[in-house]
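Each number in our numbering corresponds to the 1-based position in the sequence shown with 465 added. Virtual Cβ for every residue (Gly too), placed ideally from N, Cα, C. See below for the structure under consideration.
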Amino acid sequence: SNLESGASTLVALPFGGVLVLGEFSITYLSGSTFKTLSVDFACIKAVGKVDREGKRWLLGDHHGYLKILVITLGERYEVLSLSLEKLGRTSQASCL
Numbered sequence: 466s467n468l469e470s471g472a473s474t475l476v477a478l479p480f481g482g483v484l485v486l487g488e489f490s491i492t493y494l495s496g497s498t499f500k501t502l503s504v505d506f507a508c509i510k511a512v513g514k515v516d517r518e519g520k521r522w523l524l525g526d527h528h529g530y531l532k533i534l535v536i537t538l539g540e541r542y543e544v545l546s547l548s549l550e551k552l553g554r555t556s557q558a559s560c561l
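Below, the structure written as structure tokens:
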């Protein structure tokens, strides 16, 4: 009941858990733990890991916007927060 019905992409995280990418939200799930970030409407078309730890991810949407998702972790690799920043616009990505 905590997941958006428009969610269409799952991303496995190297430290455990999964990201669920929807049209209006990004949710981190691990067992009964979850964090949700509300976002403006976007259909994520491409996802790419930026760093080895899996704390930063590039997201490309249907409008051609490139965004970076930052996952803040605690000392025991628990997810503390999610943040999203728009980097710019390019052609629509099919892979990253």
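- Report the option in S503, P479, V483 whose CA atom is closest to the CA atom of S490. Nearest C-alpha to S490: S503.
- Message: So, for V544: in the same chain, excluding its five sequence neighbours on each side, which residues have a beta-carbon less than 8 angstroms away from its beta-carbon?
- Response: G482, Y493, S495, T498, K500, I536, T537, L538
Since E550 sits in a beta bridge, which residues does DSSP pair it with?
I533
Counted within 10 angstroms of its Cβ, other Cβ atoms place L552 as buried (16 or more) or exposed: exposed
**Item:** Nearest-angstrom beta carbon gap, K514 and G559 [assumed within contact, 8 angstroms]
**Value:** It should be pointed out that residue 559 corresponds to Ser in this sequence rather than to Gly. Wrong, their Cβ atoms sit about 17 angstroms apart, outside the cutoff.
For this session: For L547, I'd like the list of residues in its chain whose CB is within less than 7 angstroms of its CB, leaving aside the five on either flank, ordered along the chain.
Result: I491, Y493, K500, L502, L534, I536
Where does G539 sit, in a helix, a strand or coil, going by DSSP?
coil
Kindly indicate which residue of T555, G487, L486 has the alpha-carbon position closest to the one of Y530.
Of the candidates T555, G487, L486, the one whose C-alpha sits nearest the C-alpha of Y530 is T555.
I need the DSSP call for A477, collapsed to helix, strand or coil. strand
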